[in-house]
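The block underneath contains the structure these notes are about, expressed in structure tokens.
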Amino acid sequence: MGGNTLVQAVAAIVALGLYFLPAILADRRKRHDLLTLALFNACLGWTGFGWLAALYWALQPNPPKDVAEEVVQTRRVVRMRNFSAALVQRVQSRATRNKTGR
Numbered sequence: 001m002g003g004n005t006l007v008q009a010v011a012a013i014v015a016l017g018l019y020f021l022p023a024i025l026a027d028r029r030k031r032h033d034l035l036t037l038a039l040f041n042a043c044l045g046w047t048g049f050g051w052l053a054a055l056y057w058a059l060q061p062n063p064p065k066d067v068a069e070e071v072v073q074t075r076r077v078v079r080m081r082n083f084s085a086a087l088v089q090r091v092q093s094r095a096t097r098n099k100t101g102r
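Just so we're aligned, residue 1 is where the sequence shown starts under the UniProt record's numbering, counting upward by one.
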């Protein structure tokens with residue numbers, strides 16, 4: 001009787017592992033949208049199509065990060081560099097003016 005329960009427990013763990021295989025693969029591949037994929041897998045994985053779609057999704061390359069945020073960050077860095085360069089130029093021009101006595 002105890003052996004039968006053990007076999008059922010192992011079978012249940014294997015079945016759950018197989019059911020959540022797309023989410024497990026996505027986690028191993030360090031996908032950025034893991035939570036969304038895992039929820040999709042949990043909700044629609046019972047349909048054969050949902051499980052296959054989740055598996056396909058998990059095997060795709062990572063999506064690009066938020067492009068809009070990256071553009072904002074790049075613009076901020078460029079503005080700071082330009083400001084710093086202008087500030088250095090102004091300080092140097094004042095220093096040369098003070099040396100020449102103007």
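All C-beta atoms in this analysis are idealised placements derived from N, C-alpha and C, irrespective of residue type, glycine included.
Between Leu37 and Trp57, the CB-CB gap stays under 8 Å.
Between Pro61 and Asn41, the gap from beta carbon to beta carbon reaches 8 Å or more. Annotated three-state conformation of Gln60 is coil, per DSSP. A distance below 8 Å separates the beta carbons of Gly45 and Ala54. In the structure shown, Trp46 adopts coil according to DSSP, grouped into three states.
In the structure shown, the three-state DSSP call for Asp27 is helix. Each of Val7, Trp51 and Arg75 was checked against the Cα of Ile24, and the nearest Cα belongs to Trp51.
Phe83 sits in a helix when the DSSP states are folded into three classes. When rounded, the separation of the alpha-carbon atoms in Leu6 and Ala12 is 10 Å.
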